[in-house]
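In the UniProt record's numbering, the protein residues as written are 577 to 860.
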Ligand code: C2E
Ligand code: MG
Ligand code: MG
Ligand code: MG
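Here's what the structure looks like:
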C-alpha cells in the first residue's frame, strides 16, 4: 500500500508511527557514530563511607553529548544500545575508560575502595564479559579488587548456567559484584544465596521516602539487616537530604552516594571537588 502512494511514502509512515519510535530510530542511527566521534563520556559520582564520611570510590555513569540534541540520558539510549548490540562496543569503552580513570585516582590516593561500572543484562549475554573485564584491567593496570560491577536484578535472576559461570569467573578474578536498584525487581530472595555477589544497592526510590514513608523506612531497614546477615556490603543510592543520611547512619548502612554529597561530574570538575575537599580536611 505504501508503494502505491509513491511520493507520499514517507508521510504515510510517519503518520502511522508514534514519535517515540521515530525518536528511537533517530537515536539509533546517530548512536552508531557516537563512539567514533567521541560524543560519549563518563561522569563519576563519589561513594562514601557513611560513618566517617571518607571517600570510598566512584560510580561511572555514561553520558552522550549529542551534537543536535545535547545531553541524552542513559535511561534513553542504553535500551537502544541493548537492542542494537551497540551495547558491546559501548560497554567495552566504558570498562576501559573507567578502569583507566580509577588507576589515576588510585595512584593519587583518591581511591580507597572501588570503581563501580554498570553492566546491562544484554551486555552480559552478547559480549564475552570475562575477556572484556580482563582486558580493561590489563590495559589500565587496575587491580581487580578495585573494580565493582553493578548488575541488575534481572541479571541476578537469570540462573542459566552460562550467566552463572560468567559471574563466578568474574568473582574468581577478584572483581566485586553488586546488585543495583535492589528491591525494585523480582521479589524472590532465594537467588541471593546462590549468587557469587558481594553487595546490594538500595534503590533510590526507597531512600527518598525513609523520613516520610513508614513503608520505605521499613524496607530500607530490612535490606540493611538482610545484607548484614548475609555478609553483603550495602550502599544507599540517591541520598539527597541530611535527614535521610541520619536515618541511614542510625540503621548502620555502611556506604552511600547521592546529590547530598556530590552529583555525578566529569573528571575536571570532580578533580576540583576532590581538591576543595582536601583543603577543607587540611584546615580542620
Ligand atoms: P543507576 O545505576 O541506578 O544509577 C543511579 C542514577 O541515579 C544515575 O542516573 C545518577 O545520576 C542518579 N543519581 C545519583 N544520585 C542521585 C540523587 O541524589 N538523586 C537523584 N534524583 N538521582 C541521583 P543516570 O546517570 O541518569 O543513569 C541512569 C541509569 O542508566 C543508571 O541507573 C544505569 O542503570 C544506567 N547506566 C548509566 N551508565 C551506564 C553504563 O555505563 N552502562 C550501562 N549498562 N548502564 C548505565
Ligand atoms: Mg548503578
Ligand atoms: Mg542504582
Ligand atoms: Mg537506578
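Positions of the beta carbon are idealized from the N, C-alpha and C atoms, including for glycine.
heavy atom of ligand 1 below 7 Å from residue 788 C-beta = Between ligand 1 and the CB of residue 788, the shortest heavy atom gap is not smaller than 7 Å.
Can you pull every residue whose C-beta falls closer than 6 Å to some heavy atom of ligand 3, listed in chain order?
-> Going down the chain, each residue whose beta-carbon is closer than 6 Å to a heavy atom of ligand 3 shows up: 756, 757, 777, 813.
Determine the closest residue to residue 831 out of 662, 598, 688, with distance taken between C-alpha atoms.
-> Taking the Cα of residue 831 as reference, the smallest distance to any Cα among 662, 598, 688 is reached at 688.
Verify whether the separation of the beta carbon atoms of residue 806 and residue 768 is less than 8 Å.
-> Contact: yes.
Neighbourhood of residue 717 by C-beta distance below 6 Å, restricted to the same chain and skipping five residues each side = Setting aside the 5 residues that flank it on each side, residue 717 is surrounded in the same chain by 679, each with a C-beta closer than 6 Å to its C-beta; the list follows chain order.
Secondary structure at residue 779, three-state DSSP: helix, strand or coil?
-> Residue 779 falls in the coil class under three-state DSSP.
Heavy atom of ligand 1 less than 7 Å from the Cβ of residue 634, yes or no?
-> False, no ligand heavy atom lies under 7 Å from that Cβ.
Tell me whether residue 846 counts as near ligand 1, meaning its Cβ is closer than 7 Å to at least one heavy atom of that ligand.
-> Not so, every heavy atom of ligand 1 lies at least 7 Å from the Cβ.
Residue nearest to residue 653 in terms of C-alpha spacing, selected from 741, 727, 834, 615 | In terms of CA proximity to residue 653, 615 leads the group 741, 727, 834, 615.
Pick out whichever of 629, 738, 602, 695 has its Cα sitting closest to the Cα of residue 857.
-> Out of 629, 738, 602, 695, 629 has the C-alpha closest to the C-alpha of residue 857.
Supposed close pair residue 607, residue 662 - CB separation, criterion 8 Å | So it is a contact: roughly 6 Å between Cβ atoms.
How close, in whole Å, do the beta carbons of residue 674 and residue 693 come, if the pair is a contact with beta carbons under 8 Å?
-> Their Cβ separation, rounded to whole angstroms, is 5 Å, which keeps residue 674 and residue 693 in contact under 8 Å.
Using a threshold of 8 Å, state whether the C-beta atoms of residue 755 and residue 778 are closer than that.
-> No, they are not a contact pair.
Within its chain, find whatever has a CB closer than 6 Å to the CB of residue 726; leave out the 5 residues flanking it on each side and keep chain order.
-> Correct list, in chain order: 692, 694, 754, 756.
Which listed residue (734, 665, 733, 783) has its alpha carbon closest to that of residue 705 = Ranked by Cα distance from residue 705, the options 734, 665, 733, 783 are led by 665.
Residue closest to residue 620, alpha-carbon to alpha-carbon, out of 626, 709, 632, 751 = Measuring from the Cα of residue 620, the nearest candidate turns out to be 632.
Residue 761 vs residue 781 beta-carbon contact at 8 Å | No, the pair does not count as a contact, with Cβ atoms beyond the cut-off.
Mind listing, in chain order, the continuous alpha helix (DSSP H) runs of no fewer than 4 residues lying wholly within the region 635–677?
-> Secondary structure remark: continuous alpha helix (DSSP H) runs of at least 4 residues inside the region 635–677, in chain order: 650–659.
With DSSP as the reference, label residue 860 as helix, strand or coil.
-> Residue 860 falls in the coil class under three-state DSSP.
Where does the unbroken beta strand (DSSP E) through residue 727 begin, and where does it stop?
-> Run containing residue 727: 723–727, per the beta strand (DSSP E) assignment.
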